[in-house]
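Protein chains: 2
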Amino acid sequence: MPELRRGATNHRWVIVAPERGRRPSDFEQKGTELAHQEPANCVFCAGHENETPPEVYRSPSSDGQSWDVRVVPNKFAALQHYDELGRESVLGIYDQMNGVGAHEVVIESPDHCSQIGDMTQQQALPIVEAYIHRLKALMENPWFRYVLLFKNHGKEAGASLLHPHSQIIATPIVPQEVRESLNIAKDYYERKERCLFCDIMLAELKSGERIVEDADGFVTWAPYDSRFPFELVIYPKQHSHDFTTMDADQRAGLASVLIRTIKRLQTLLGDIPYNFVLKTTPNPIVRPGKPGYWTTLAYDYHWRIAVMPRLTRVAGFEWGTGFYINPMPPESSAKYLREVEFPSSH
Amino acid sequence: MPELRRGATNHRWVIVAPERGRRPSDFEQKGTELAHQEPANCVFCAGHENETPPEVYRSPSSDGQSWDVRVVPNKFAALQHYDELGRESVLGIYDQMNGVGAHEVVIESPDHCSQIGDMTQQQALPIVEAYIHRLKALMENPWFRYVLLFKNHGKEAGASLLHPHSQIIATPIVPQEVRESLNIAKDYYERKERCLFCDIMLAELKSGERIVEDADGFVTWAPYDSRFPFELVIYPKQHSHDFTTMDADQRAGLASVLIRTIKRLQTLLGDIPYNFVLKTTPNPIVRPGKPGYWTTLAYDYHWRIAVMPRLTRVAGFEWGTGFYINPMPPESSAKYLREVEFPSSH
């Protein structure tokens, strides 16, 4: 049964989810290559729908015979629904909570090998629609303080399946890094009456040296403080704190931007492992009189997507300090990615 | 020329050190196995002393003919000495500093394959002595606000060389995670007049379920909020904020504890990749009248070593939120490691 733990020497929560592996021998360095996974044995492929837990969302294909995107609960969930949140102290010094939450898998295509960088806008749009639909649905639950959307592509990026998919985890706390940036954004807004993230975007557009593209209502650049080579962020150009409020144009725009961003990386670097992560407002549900909940509506936040290629290994230095050595200046990353040439269809 | 950067949305500094890799093709997924490195081509092996930068420390062997441990500047330094610290603003919104600092390599043995887990106390003690000597020497420099000691063992843990070595990086800032735990320790001390870390150690000793060993003046356990399977911490049992103040008994004790800790992990799990990181007080030099420096003496801190086996891959979830999924409860990790049986020589 998963649980959430917080130690006494930092503000970080850790999910302890023993279902995902138990004995020392489970951690042997296995040589399994994702490339060896085949459609015939893949539970995410079309025709294997009854091998996943029952779906919570389906985007039917245009002919109505099949589907474009399915969302199913993760069979090996890091967090699960419970009756009680159950916060308590441990040994008088630590904090513990039941592993209340949800963990879902977004199956991005019925096709085993259809990667987002090679999709058309028509193929990628249902993925964005599925993200929005599930985020909205999970935010109906007042226990879920934050809903995290992310994609692991490639073994080095933490994927255990080749079939294109992303994941959604709803948590009963606002993760520390999100909380920190929320607080910084709030302070900045109180001081300046301007959105911190809008100011950053405008400064980047003015400077231009880290910009990769400015198109379809989104700006993509290599962050000034990139931790990793070819790290990127995608910001909606119009201020918005909440990913789920995108209109039809913005959804279509985001689908195109995601395709082009991955295509740029893959054209330049090959089929590299990467992660992307959505940062958006915490669940804004205010529950008057109930203690322990985050009640800020966070209009001063700005949603965005961080894209992190996994080309370097994170070592002792990083784990011990939370600071990073990046061997590639983001100005160079941006220049290389800006200059990638596309076939005219993109 | 390395530089330090801080963005506007968090408190994290990043070292951008372009010397370490420059073109996209430098990041191709290379298959180089450390095991293929041979003593004949190894610059850290005895007989190759003139192939490293000039040594900054040497522990002579007992016969005076050779050496047990050497410390040399890292040829590919993440940070370097400069004349100016040079803090400035970038685009009015970010922070930048020259990459002032030092980066050294501790060559732990003249022998290519001598791993710490297989050493005798007599072999490991000069490593501990070298650590203390170099930390003290680097803390003479008032620009170096923190001196970080760490070890990457195995490719998955970020090592690029097989020959046993650890690394020391001196930085002109106190890393965010260290700063956070310093602040928490300070608040706790002000409230309770007790050391937070001593309280944690006493609670762990009382509970016992996460303790691996209590011997030679050190207590080793699996932290309650372990991020990784088989993660461990080693605390000096006697309160001390400063690693460099250990007396002869404590140095000998630590050498033994390090040997046994690595031996336990390797007996249970094989030659796994791992990191260890020292957490100790920032450079306590107070410079009255000079702004921008950390001036706390941090007697309320407690030095310790974190040991992190690299058995799981860190994925999008972790990068996006700073919170972690650990598939192995630390109570199980501790039980397995506690029960490891040693040959009587340990």
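First to last, the protein sequences are chains A and B.
Take any residue in the first sequence, count from 1 to its spot, add 1076: that is its number in my numbering.
Take any residue in the second sequence, count from 1 to its spot, add 1076: that is its number in my numbering.
From the three backbone atoms N, C-alpha and C, an ideal C-beta is built for every residue, glycine too.
Since we're looking at a predicted model, the values are computed, not measured.
For R1303 (chain A), the chain B residues whose C-beta falls within less than 9 Å of its own C-beta are R1088, V1090 and W1395, listed in chain order.
Taken through DSSP and simplified to helix, strand or coil, P1149 (chain A) comes out as strand. Contact with chain A is found for I1276 (chain B), since one of that chain's Cβ atoms lies less than 8 Å from the residue's Cβ. If you draw a straight line from the Cα of R1210 (chain B) to the Cα of G1177 (chain B), it comes to about 13 Å. Put simply, of B:T1357, B:V1119, B:L1334 and B:T1296 the residue whose alpha carbon is nearest the alpha carbon of F1319 (chain B) is B:T1357.
Taking C-beta atoms under 8 Å as the contact rule, S1302 (chain A) and S1409 (chain A) qualify, at a distance of about 7 Å. According to the DSSP assignment, H1188 (chain B) belongs to no beta strand (DSSP E), since it is labelled neither H nor E.
No residue range can be given for A1298 (chain B), since it is assigned to no alpha helix (DSSP H) and is classified by DSSP as neither H nor E. Counting the other CB atoms within 10 Å of its CB gives D1144 (chain A) a total of 16 or more, which places it among the buried residues.
In the structure shown, the three-state DSSP call for K1313 (chain A) is coil. Counting only Cβ-Cβ distances below 8 Å, G1193 (chain B) has no contacts in chain A at all, with the closest Cβ about 16 Å away. Judged by DSSP in its simplified three-state form, Q1141 (chain A) adopts coil rather than helix or strand.
In this structure, the CA atom of E1205 (chain B) is about 16 Å from the CA atom of L1224 (chain B). Contacts between I1260 (chain B) and chain A, judged by CB atoms closer than 9 Å, involve A1084, T1085, N1086 and H1087 in chain order. Contact note: V1166 (chain B) reaches chain A through Y1300, using a C-beta cutoff of 8 Å and chain order. Residue contact with chain A for G1140 (chain B): absent (no Cβ-Cβ distance below 8 Å to any residue of chain A). In the DSSP assignment, no residue is bridged to F1399 (chain A). Looking at A:S1185, A:L1344, A:V1416 and A:M1195, the one whose alpha-carbon comes closest to that of P1100 (chain B) is A:L1344.
Under the Cβ distance rule, Y1377 (chain B) does not count among the residues neighbouring chain A, no pair being separated by less than 8 Å. For V1254 (chain B), the C-beta contacts it makes with chain A under 7 Å involve T1397, in order along the chain.
Neighbours of P1251 (chain A) in chain B, taken as residues whose beta carbon is under 7 Å from its own, are T1397, G1398 and F1399 in chain order. Within the same chain, no residue comes within 8 Å of A1391 (chain A) by CB-CB distance, once the 5 residues on both sides are set aside. The C-beta of Y1412 (chain B) comes closer than 8 Å to at least one C-beta of chain A. Here F1304 (chain A) is buried: its Cβ has 16 or more other Cβ atoms, across all protein chains shown, within 10 Å. A1291 (chain B) places its beta carbon 8 Å or farther from that of F1273 (chain B). Closest in C-alpha terms to S1257 (chain A), from the list B:P1130, B:M1173, B:G1083 and B:K1227, comes B:G1083. When the beta-carbon positions are compared, L1341 (chain B) and I1348 (chain B) come within less than 8 Å of each other.
Around M1384 (chain B), the beta-carbon contacts reaching into chain A at under 7 Å are W1395. Listed along chain A, the residues sitting closer than 7 Å to P1100 (chain B) by beta-carbon distance are L1344, L1345 and Y1412. At the C-beta level, I1192 (chain A) and I1338 (chain A) come within 8 Å of one another. Between I1091 (chain A) and V1182 (chain A), the C-beta spacing is not below 8 Å. Within chain B, T1085 and N1086 have C-beta atoms less than 7 Å from the C-beta of S1257 (chain A), given in sequence order. In chain A, no part has a C-beta under 7 Å from the C-beta of N1150 (chain B); the shortest such distance is about 11 Å. Look at the stretch 1223-1239 of chain B: the residues with a C-beta under 8 Å from a C-beta of chain A are L1224, F1226, K1227, N1228, K1231, E1232, A1233, G1234 and A1235.
Looking at the backbone, the Cα of A1213 (chain B) and that of A1246 (chain B) are separated by about 11 Å.
Taking a C-beta cut-off of 9 Å against chain B, the contacting residues of the stretch 1267-1293 of chain A are L1272, F1273, D1275, I1276, A1279, E1280, K1282 and S1283, listed in chain order.
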